[in-house]
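If you read the sequence shown in this note's numbering, its first letter stands for residue 1, the second for the next number, and so on. The C-beta atom is built at its ideal place from N, Cα and C for all residues, glycine as well. Report on the following structure.
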Amino acid sequence: MSRPLPELPRPLAPLPVRLRPCVGEITDSYVRRLARANHLKPSYLHCFLSGPPFWFGKPQLDRLAAVSGRSEQHLDRALADASSPRGRMKPNPRTARTELFPGQPHLALLIYIDARRGHTIQDLALRHGLPRRLVRLALDTMQPPPRGVERDHSHLDADLMEPIQAMLDQGLGPKQIWLNLMDDHDVSVSYSLLRHYVRSRCPQRYAAKWHS
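Now the structure itself:
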């Protein structure tokens, strides 16, 4: 008797509440907003979209498109890092030919960094005292910053040290810290970088308790 064929996985269905991605937003920020709008934990949706074996990696664009109700092409145009390694900005063929902010060479970069943190176009316009049209143009034509300017990918952000240390003092391991940062602090970090940091801070506890 032949073995029964495995049941094919059902196609992913869009979530009830659909959100439009902000121009220049990063994938992690969009996933967090989408999760909260649908009363889900951001860490749950993030891991679901990443899938095995890289649960803590970058969400897969095709899965995100399915649950968000947006096409992959739409997400790729809107999200700054949609088709790039996690946390890195993709090259933009629509780069402005003239300087958008004469005398303020770093303003476009500041707008981009704030967009990465999940600020809406309206928030960015108010924060930087610009019309929304100009904010959209800055994000839509932004080129990747020079190496080392956007973020040092070899270190965790300094403002995360205090909450991470507090969680370490509570005896939490890297997996639970990663989940708490996303769910309670609206922050996404590289899991491998976080694990390396925890191991360097608590080598004995890491080896005995959290290593897997």
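Local conformation of residue i per DSSP, three classes
i           : result
residue 157 : coil
residue 163 : helix
residue 5   : Here residue 5 scores only 48 on pLDDT, less than 50, and its place in the model is too uncertain to base an answer on.
residue 55  : coil
residue 72  : helix
residue 111 : helix
residue 41  : coil
Residue i classed as buried or exposed, judged by whether at least 16 other C-beta atoms fall within 10 angstroms
i           : result
residue 17  : exposed
residue 131 : exposed
residue 201 : exposed
residue 44  : exposed
residue 133 : exposed
residue 11  : exposed
residue 203 : exposed
residue 25  : buried
Short Cβ contact (8 Å threshold) for residue i with residue j
i           : j           : result
residue 27  : residue 53  : no
residue 189 : residue 168 : no
Nearest neighbour of residue i, chosen from the options [CA to CA]
i           : options           : result
residue 156 : 33, 192, 138      : 192
residue 187 : 22, 19, 15, 32    : 32
residue 137 : 159, 112, 50, 161 : 112
residue 140 : 66, 21, 164, 15   : 21
Closer than 7 Å: residue i CB and nearest the ligand FMN heavy atom
i          : result
residue 13 : The ligand content of the structure shown is nil, which means the ligand FMN is not present either.
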